[in-house]
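Chains as they are written, first to last, in my numbering: chain Y, 1 to 111; chain F, 1001 to 1114.
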Amino acid sequence: GDSVTQMEGPVTLSEEAFLTINCTYTATGYPSLFWYVQYPGEGLQLLLKATKADDKGSNKGFEATYRKETTSFHLEKGSVQVSDSAVYFCARSYGNNRLAFGKGNQVVVIP
Amino acid sequence: EAQVTQNPRYLITVTGKKLTVTCSQNMNHEYMSWYRQDPGLGLRQIYYSMNVEVTDKGDVPEGYKVSRKEKRNFPLILESPSPNQTSLYFCASSFLGGVKAEAFFGQGTRLTVV
Chain Y
1 GDSVTQMEGP
11 VTLSEEAFLT
21 INCTYTATGY
31 PSLFWYVQYP
41 GEGLQLLLKA
51 TKADDKGSNK
61 GFEATYRKET
71 TSFHLEKGSV
81 QVSDSAVYFC
91 ARSYGNNRLA
101 FGKGNQVVVI
111 P
Chain F
1001 EAQVTQNPRY
1011 LITVTGKKLT
1021 VTCSQNMNHE
1031 YMSWYRQDPG
1041 LGLRQIYYSM
1051 NVEVTDKGDV
1061 PEGYKVSRKE
1071 KRNFPLILES
1081 PSPNQTSLYF
1091 CASSFLGGVK
1101 AEAFFGQGTR
1111 LTVV
């Protein structure tokens, strides 16, 4: 089916460290790919997106590149801040405006 | 301000007592949907609507109903809630502009069924 897989478990790292969160998707059709972020007590908000192969989405220092050959859309940030602590969801589009989400990764940045 | 508004934010109810969670958006979006978020399972779609009077089942529709009588509103109805429906619920909306449309989410409703 149309699914998204994120790496297992929370991610804890120190301020200014490099962040990578892995995401792979099933290769059905030509999906758009998204990263959403959920801050504590809030709903999800779009962080970045890419709509075709080799596109790079970027926002707030985060980047992800749509890799069709590896069916991946890994999220990266070069120097995280405490304010980046949140849950990050990878998602792919399918069908009529539908989104399939990964299970999410809790990111905790320690000062 | 563009937003999706859900009410209530928190709700504790008893098994079998009908309840409705409201969702309203002010962006003239055609597409609206409901998700539930559970630990270790991520977000799963319950129902979605592509326009007024057009609704369809998502991945986990059992025990839920929806209606779309107006473009801006998309209430979620639990006719007879059960404890396994204890969850965090999100409403979302977007333009029906193909797969590039950005989804906007409400702040969530935390439901506890005892």
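Beta carbons are placed, not taken as given, at the ideal position from N, Cα and C, and that holds for glycine.
Values in this document were obtained by computation on a predicted structure and should not be read as measured data.
query: is_contact[G1042 (chain F), chain Y] using C-beta, thresh 8 Å; result: yes
query: Residue-level contact to chain F via CB, N97 (chain Y), 8 Å cutoff; result: yes
query: Identity of the residue in Y:N97, Y:E76 and Y:I110 nearest S115 (chain Y) by Cα; result: Since the displayed chain Y opens at 1 and closes at 111, residue 115 (chain Y) lies outside it and no answer follows.
query: 8 Å Cβ cutoff, F1074 (chain F) in contact with chain Y; result: no
query: Contact set between the segment 1088-1108 of chain F and chain Y, restricted to residues whose Cβ is under 7 Å from the partner; result: F1090, S1094, L1096, V1099, K1100, A1101, E1102, A1103, F1105, G1106, Q1107 and G1108
query: Pick from F:A1101, F:R1036 and F:L1041 that is closest to V1021 (chain F), judged by C-alpha positions; result: F:R1036
query: Cα-Cα separation, Y1031 (chain F) to G1040 (chain F); result: 27 Å
query: Close beta carbons around G61 (chain Y), own chain, < 6 Å, minus the five adjacent residues each side; result: K77
query: Burial state of N1028 (chain F) (16 or more Cβ within 10 Å); result: exposed
query: Whole-Å CB distance - G1063 (chain F) paired with L1078 (chain F), under 8 Å assumed; result: 7 Å
query: Any chain F beta carbon closer than 8 Å to E63 (chain Y); result: no
query: Distance cut-off 7 Å: S1033 (chain F) Cβ against heavy atoms of the ligand MN; result: In the structure shown, the ligand MN is absent, as is every other ligand, since no ligand is present at all.
query: Contact between the segment 97-106 of chain Y and the segment 50-61 of chain Y (3+ Cβ pairs under 8 Å); result: no
query: 8 Å Cβ cutoff met for S3 (chain Y) and T20 (chain Y); result: no
query: Given Y36 (chain Y) as reference, the closest of Y:E15, Y:A50 and Y:S79 once Cα atoms are compared; result: Y:A50
query: Nearest-angstrom Cα separation, counted from P1008 (chain F) out to L122 (chain Y); result: In the structure as shown, chain Y begins at 1 and stops at 111. Residue 122 (chain Y) is therefore absent and cannot be evaluated.
query: Chain-order list of residues whose beta-carbon lies under 6 Å from that of G1058 (chain F) (same chain, five-residue window excluded); result: Q1045, I1046, Y1047 and Y1048
query: Contact under 8 Å by Cβ, P1075 (chain F) with V1113 (chain F); result: no
query: Start and end residues, beta strand (DSSP E) containing D1038 (chain F); result: Y1031 to D1038
query: Chain Y contact for Y1031 (chain F) (CB, 8 Å cutoff); result: yes
query: Candidates F:G1016, F:S1024, F:S1094 and F:F1104: closest to S1067 (chain F) by CA position; result: F:S1024
query: Segments of 3+ residues assigned as beta strand (DSSP E) that fall wholly inside the segment 45-75 of chain Y; result: 56-59 and 62-65
query: Host beta strand (DSSP E) of N1051 (chain F) (start-end); result: G1042 to N1051
query: Assigned exposure category for S14 (chain Y) - 16 Cβ within 10 Å defines buried; result: exposed
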